[in-house]
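First comes the structure, then the notes that go with it.
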Amino acid sequence: MNKIKLKKIARSNLYSYNLKEDNWEYINYLDTGNITMNHINEIQHINLRVEKLPSRAKRKVRYNNIIYSTVRPSQKHFGIIKNILPNFLVSTGFVVLEIDPLKADADFIYYFLT
């Protein structure tokens, strides 16, 4: 069996929110503490016209991205994104992995990592 390094089949943290370029009126934000073993407890809806953007709300996610908290990984704050909300951001406390679909199946990699 050949071993393949994750960096050969995935890229990490590709997309970030840019206040000047994106200029969104609101965001849907997932913090590290609000997901455990792919179960989301809460997604915060933040109106940027009224509230300040949380400093860690920077990473954009896409369908089939794997998110894995780098803050206290033993607490199992990880998941795979299957439902995308508009203007969806996650905390910079997550590493966001985008699996190349020509090289591997995102669901398989998610289950392997978790």
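Heads up, the sequence shown is in this note's numbering, so the first residue is 1 and it goes up one at a time.
Idealized CB from N, CA, C, for every residue including glycine.
Asked                                                                                                                                                                 : Found
Ordered along the chain, which non-local residues of its own chain (more than five positions away) have a Cβ less than 8 angstroms from that of residue 80?           : 38, 64, 65, 66, 67, 106, 107 and 110
Going by DSSP, what residue range makes up the beta strand (DSSP E) through residue 27?                                                                               : 26-30
Reducing DSSP to helix, strand and coil, say where residue 10 ends up.                                                                                                : strand
Would you report the Cα separation of residue 19 and residue 1, rounded to the nearest angstrom?                                                                      : 46 angstroms
For the putative contact between residue 44 and residue 26, defined by C-beta atoms under 8 angstroms, what is the C-beta separation to the nearest angstrom?         : No, residue 44 and residue 26 are not in contact; Cβ-Cβ is about 10 angstroms, not under 8 angstroms.
Take residue 57 as the anchor and find which of 76, 72, 31 and 47 has the nearest alpha-carbon.                                                                       : 31
Can you name, in chain order, every residue of its own chain whose Cβ lies under 6 angstroms from the Cβ of residue 103, other than the five neighbours on each side? : 9
Report the rounded CA-to-CA distance for residue 36 versus residue 62, giving the unit in angstroms.                                                                  : 19 angstroms
So within the stretch 22-97, which uninterrupted beta strand (DSSP E) runs reach at least 3 residues, ignoring any that extend past its ends?                         : 26-30, 44-47, 57-60, 66-69, 78-80 and 88-91
Considering only the alpha carbon of each residue, which of 84, 71, 92 and 86 lies closest to residue 115?                                                            : No information on residue 115 is available, as it lies outside the stretch 1 to 114 that the chain covers here.
Leaving out five residues before and five after residue 49 in sequence, what residues of the same chain have Cβ atoms less than 7 angstroms from its Cβ?              : 25
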